[in-house]
Every structure is written in structure tokens, then in C-alpha cells.
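Everything in the sequence shown is counted per the numbering used here, starting at -17 for the first residue and increasing by one.
All residues carry an ideal CB built from backbone N, CA and C; glycine is no exception.
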Amino acid sequence: MAPTKQELSLLINPLVPESVQHNNRVLSSLHSLTAFLLGLSAGILALQSLTGFAFYFAGTILVSGLFHLLIIQRSGGAGAGAFYPGSNGGEIEGRVSLDEMTGVVSMALDGAPRKGRGYVLRKGAWRDIWFGIGLSEALSGFVMGWAGLGGVLR
-17 MAPTKQELSL
-7 LINPLVPESV
3 QHNNRVLSSL
13 HSLTAFLLGL
23 SAGILALQSL
33 TGFAFYFAGT
43 ILVSGLFHLL
53 IIQRSGGAGA
63 GAFYPGSNGG
73 EIEGRVSLDE
83 MTGVVSMALD
93 GAPRKGRGYV
103 LRKGAWRDIW
113 FGIGLSEALS
123 GFVMGWAGLG
133 GVLR
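Take a look at the structure:
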């Protein structure tokens, strides 16, 4: 039985489950801490209603963007796919093939074959950073910091 595209893509660039769990924990902690600090800042600035939530979303977008830039820099341009599996369980975009005679796995993107350590284009890996783990939990931390400090200062 021939291996599936996902199995072949994981042969090219494997993801270790323990490393992915660690990366998800770090990302969740980053979102939670950022949200709480943004909540404290919104309380100090006495922001109310939609202004406070706009402050939260702008701060979250800024921090996620900075974190994404850090990941791109640390991965040598490979992007989030080097550290996160993405929406399809680690499947790499492009054509992945296995040479039956030699057992060599190769990947081609847009018709151009990639050799060596090239870019890891995992489908939807960027979503793990921008919308991923911890955003709903982070919102509650924001509201607690915002209401708690805002109430103390009034």
C-alpha cells in the first residue's frame, strides 16, 4: 500500500508531538499573559465599552504579528510550519512523491522541485499563531484585569 500524502510530508519534515505540545503551551501562555497585561493597561487608561475591546484586539494583533515575525526569523524563513502542524495535521502544500526504486521522498511546489532543507509550507500553520490556542481563555484574563484594576482605581 502506497503511503498517503500526509505520511510522505511527515517523512520530509517530521513533527515531534512533544515539541508541538510545548510550542502550543508557550503560545497559550503568551496569549494569556498578553491579554492580562492588556486588561491592566485598559483599566489604568480607564477605557470603557467598545474602546476597551478595540484596545484588546489591537494589542492582540500587534503581539501575534510580532510573534509571527519572530517565528519567521527563527525558522530561517520557513514560517509557522516549522513549529506548528497547521489545520491538516502536518500536511505540506505541494506535490509530495516517493520514488519506488530508490525510496527517496521529494517535494515539488508549483512545478519546481525543492531539494535539501527548503521552506515548510504546512497548510494553515499560520492560524495556530493568529487564532490558535488560548484566545478564548485570554479574553477572560483581559476582562478580569480590565474590570479588576478599573474597579480599584475608581
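Taking the DSSP output, what are the residues bridged to residue i?
i, result
"residue 136", "The partner list for residue 136 (beta bridge, DSSP) is empty, contrary to what the question assumes."
"residue 56", "DSSP output for residue 56 lists no bridge partner at all."
Are residue i and residue j touching if we call contact CB-CB under 8 angstroms?
i, j, result
"residue 16", "residue 34", "no"
"residue 47", "residue 105", "no"
"residue 25", "residue 127", "yes"
"residue 120", "residue 31", "no"
"residue 20", "residue 38", "yes"
Find the nearest neighbour of residue i within the set the options, judged by alpha-carbon distance.
i, options, result
"residue 4", "45, 30, 109, 65", "65"
"residue 131", "58, 121, 23, 49", "23"
"residue 134", "27, 37, -1", "27"
"residue 108", "129, 119, 83, 49", "49"
"residue 62", "31, 6, 30", "6"
"residue 8", "84, 111, 125, -3", "111"
"residue 45", "58, 10, 29", "10"
"residue 113", "43, 36, 56, 58", "43"
May I ask you to report which of helix, strand or coil DSSP gives residue i?
i, result
"residue 84", "coil"
"residue 3", "helix"
"residue 157", "Residue 157 cannot be examined here, being either before or after the span of the chain that is shown, -17 to 136."
"residue 17", "helix"
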